[in-house]
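Peer 1: A single structure is presented below for examination.
Numbering (this note's numbering), first residue to last: 980 to 1229.
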């Protein structure tokens, strides 16, 4: 059972993300099955919902408002994809009481993604469709925008920043990501279908996970294959993170 005195762990979703929604009477969560898996955690674990396609600043302000309504004096953030940039903005600008003690990012495009640039350029119909549904967020995720962001948003000395990247061979990615994975590989090397490994590195770089971008939240759209460790065991990964943060807190 969670103890408010143990502080809170906040999971932050990425672009086009959500906390949860109901379909045909079934609850669907961005971090698939994670909420129920953490039911017995001694830490308070929360899953806020941010504007799915908003600018980093707008998403960060919604997150700050969410955090203002919880009483924990220590907050640890775990963020997937764009959520990591929202958290960095919040830590730098919107945490006056310095309650945030750590940020762990998973496949966050700290240095941008060429996919965002190609989406804005609309080089093919798929990219044009992405642009139409993900403005304005995609404008904040180009390599150029992230370079400016990194100049403005410095790390806070009292916060521990950790990061994970992920990758799969494009032929092993889900059909949704395969063509993007090939194109990013030709431009930026190893990637997870959306974010290059090099871009996901920030602060203390922990590991390169064997997963595509969707597998990191429990959504695998490719056939299971034990030889290729597919699907990625996202539940074990996040449970280990929560356990580590809990042990470090005690």
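No residue lacks a Cβ here, since even glycine has one placed at the ideal position from N, Cα and C.
For residue 1167 versus residue 1075, is the C-beta spacing smaller than 7 Å?
Peer 2: Residue numbering aside, residue 1167 sits at position 188 when the chain shown is read from its first letter. Residue numbering aside, residue 1075 sits at position 96 when the chain shown is read from its first letter. Contact flag unset, no.
Peer 1: Short of 8 Å in beta carbon distance, which residues of its chain neighbour residue 1218, apart from the five on each side in sequence? Order them along the chain.
Peer 2: Translated into the one-based positions of the chain shown, residue 1218 becomes position 239. Same-chain partners within the cutoff: 1016 and 1017.
Peer 1: Which runs of the alpha helix (DSSP H), 4 residues or longer, sit entirely within the stretch 1147-1229?
Peer 2: For the stretch 1147-1229, whole alpha helix (DSSP H) runs of length 4 or above, ordered along the chain, are 1154-1167 and 1213-1228.
Peer 1: Where does residue 1194 land, buried or exposed, given buried means 16+ other C-beta within 10 angstroms?
Peer 2: Residue 1194 sits at position 215 when you count from the first residue of the chain shown. By the 10 Å Cβ count, residue 1194 comes out buried.
Peer 1: Could you tell me which of 1216, 1209, 1068 and 1164 sits nearest to residue 1185, measuring between CA atoms?
Peer 2: Position 206 of the chain shown holds residue 1185. Looking at the Cα atoms, 1216 is the closest of the given residues.
Peer 1: Can you list, in chain order, the residues of its chain with a C-beta nearer than 6 Å to that of residue 1096? Leave out the 5 residues immediately preceding and following it.
Peer 2: For the purposes of this step, residue 1096 is taken as the residue at position 117 of the chain shown. Cβ within range, chain order: 1121.
Peer 1: By the three-class DSSP mapping on this structure, what secondary structure does residue 1052 have?
Peer 2: Here residue 1052 is taken as the residue at index 73 of the chain shown, counted from 1. Correct three-state label for residue 1052: coil.
Peer 1: Under the assumption that residue 1188 contacts residue 1145 (Cβ atoms under 8 Å), give the Cβ distance between them as a whole number of angstroms.
Peer 2: Numbered from its first residue, the chain shown carries residue 1188 at position 209. Numbered from its first residue, the chain shown carries residue 1145 at position 166. Indeed they touch by this definition, with Cβ atoms about 4 Å apart.
Peer 1: What number of angstroms, rounded off, separates the C-alpha of residue 1222 from the C-alpha of residue 1212?
Peer 2: Within the chain shown, the letter at position 243 stands for residue 1222. Within the chain shown, the letter at position 233 stands for residue 1212. Taking the straight line from one Cα to the other gives about 16 Å.
Peer 1: Looking at the ligand MG, does it come within less than 6 Å of residue 1075, judged from the CB to the closest heavy atom?
Peer 2: Among the ligands in the structure shown, none appear at all, so the ligand MG cannot be discussed.
Peer 1: Relative to the C-alpha of residue 974, which candidate in 1126, 1177 and 1172 has its C-alpha closest?
Peer 2: Residue 974 lies beyond the range of the chain shown here (980 to 1229); nothing can be said about it.
Peer 1: Count the other CB atoms within 10 Å of the CB of residue 1209; is the residue buried (16 or more) or exposed (fewer)?
Peer 2: Within the chain shown, the letter at position 230 stands for residue 1209. Flag for residue 1209 reads buried.
Peer 1: What is the rounded straight-line gap between the Cα of residue 1191 and the Cα of residue 1077?
Peer 2: Reading the chain shown from its first residue, position 212 is the one you call residue 1191. Reading the chain shown from its first residue, position 98 is the one you call residue 1077. Approximately 33 Å, taken between the alpha carbons.
Peer 1: Just checking my contact of residue 956 with residue 992 at CB under 8 Å: how many whole Å lie between their CB atoms?
Peer 2: Because the chain is modelled from 980 through 1229, residue 956 falls outside the range shown and cannot be assessed.
Peer 1: If we ignore side chains and look at the alpha-carbon of each, how far apart do residue 1050 and residue 1204 end up?
Peer 2: Position 71 of the chain shown, counting from 1, holds the residue named residue 1050. Position 225 of the chain shown, counting from 1, holds the residue named residue 1204. Distance between the alpha carbons of residue 1050 and residue 1204: 44 Å.
Peer 1: The alpha helix (DSSP H) that contains residue 1014, what's its start and end?
Peer 2: Taking the first residue of the chain shown as position 1, residue 1014 is located at position 35. Start and end: 1013-1016.
Peer 1: Less than 7 Å between the beta carbons of residue 1086 and residue 1171, yes or no?
Peer 2: Within the chain shown, residue 1086 is the residue found at index 107, counting from 1. Within the chain shown, residue 1171 is the residue found at index 192, counting from 1. Yes. Within cutoff.
Peer 1: Can you name, in chain order, every residue of its own chain whose Cβ lies under 6 Å from the Cβ of residue 1135, other than the five neighbours on each side?
Peer 2: The sequence position of residue 1135 within the chain shown is 156, counting from 1. Counting only Cβ-Cβ distances below 6 Å, and skipping sequence neighbours, we find 1070.
Peer 1: Tell me whether residue 1029 sits in a helix, a strand or coil according to DSSP, three-state version.
Peer 2: Taking the first residue of the chain shown as 1, we reach residue 1029 at position 50. Correct three-state label for residue 1029: coil.
Peer 1: Going by the beta-carbon positions, is the gap between residue 1022 and residue 1196 smaller than 7 Å?
Peer 2: Stepping through the chain shown from its first residue, residue 1022 is reached at position 43. Stepping through the chain shown from its first residue, residue 1196 is reached at position 217. Going by C-beta atoms, residue 1022 is not nearer than 7 Å to residue 1196.
Peer 1: Are the beta-carbon atoms of residue 1042 and residue 1027 separated by less than 7 Å?
Peer 2: The sequence position of residue 1042 within the chain shown is 63, counting from 1. The sequence position of residue 1027 within the chain shown is 48, counting from 1. Yes, Cβ-Cβ distance for residue 1042 and residue 1027 is below 7 Å.
Peer 1: Do residue 1035 and residue 1064 count as a contact pair if the criterion is CB distance below 7 Å?
Peer 2: The residue labelled residue 1064 in the question sits at position 85 within the chain shown. The residue labelled residue 1035 in the question sits at position 56 within the chain shown. Yes, the Cβ-Cβ distance between residue 1064 and residue 1035 is below 7 Å.
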